[in-house]
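Position one of the sequence shown corresponds to residue 14 (this note's numbering), numbered consecutively onward.
Positions of the beta carbon are idealized from the N, C-alpha and C atoms, including for glycine.
The structure under discussion appears below in the form of structure tokens.
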Amino acid sequence: MPRGLKSRPVLSFRVYNRQFIVLSSLQAATELLDARATTYSDRPKIWMIEFAKRNLNPFDISFNHPYFKAYRTVLKNSLSTRTIQNYQSVQTEECRVLLDGLHKNPDRFADHIRSICE
């Protein structure tokens, strides 16, 4: 690989009809996503959300929705590196409950997933 390519934070290339973008640093990824949040925010539906019967949730909201900016701000602040450390004990306990339920009654997989999503 040519030497100049190693130092670029954003690299774009094409393979057949598909374009690929390689982000080589966290800073480049953060800047790109912040600058183009409305472009990348409208994502396809996530099957696990529907499976867990959580059809209304802030992760699956269109950027055209009137609450989009408010949800994005709340999520960004609530899921920061520093803030999520406060949730670690809750996540550990919920994982323990889920695994215990799956171990005792694996046939009720869907019910176990739904119970931790409430």
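Euclidean distance between Cα positions of residue i and residue j
| i | j | result |
| --- | --- | --- |
| ASN77 | SER91 | 22 angstroms |
| ASN30 | ALA41 | 25 angstroms |
| ARG121 | CYS130 | 15 angstroms |
| ASN25 | ASN118 | Sequence check: residue 25 is Ser here, not Asn. If I take the Cα positions, the gap works out to 48 angstroms. |
| SER75 | GLY114 | 34 angstroms |
| ILE81 | PHE33 | Note on residue identity: the sequence assigns Phe, not Ile, to residue 81. Spanning the two alpha carbons is a distance of roughly 27 angstroms. |
| LEU36 | ALA48 | 14 angstroms |
| GLU44 | ARG27 | 22 angstroms |
Pick from the options that is closest to residue i, judged by C-alpha positions
| i | options | result |
| --- | --- | --- |
| ARG138 | HIS116, PHE26, LYS117 and LEU111 | The displayed coordinates of the chain run from 14 to 131. Any statement about residue 138 would go beyond what the structure contains. |
| TYR84 | ARG109, ALA50 and GLU106 | ALA50 |
Bridge partners - residue i, DSSP secondary structure assignment
| i | result |
| --- | --- |
| ILE34 | SER25 |
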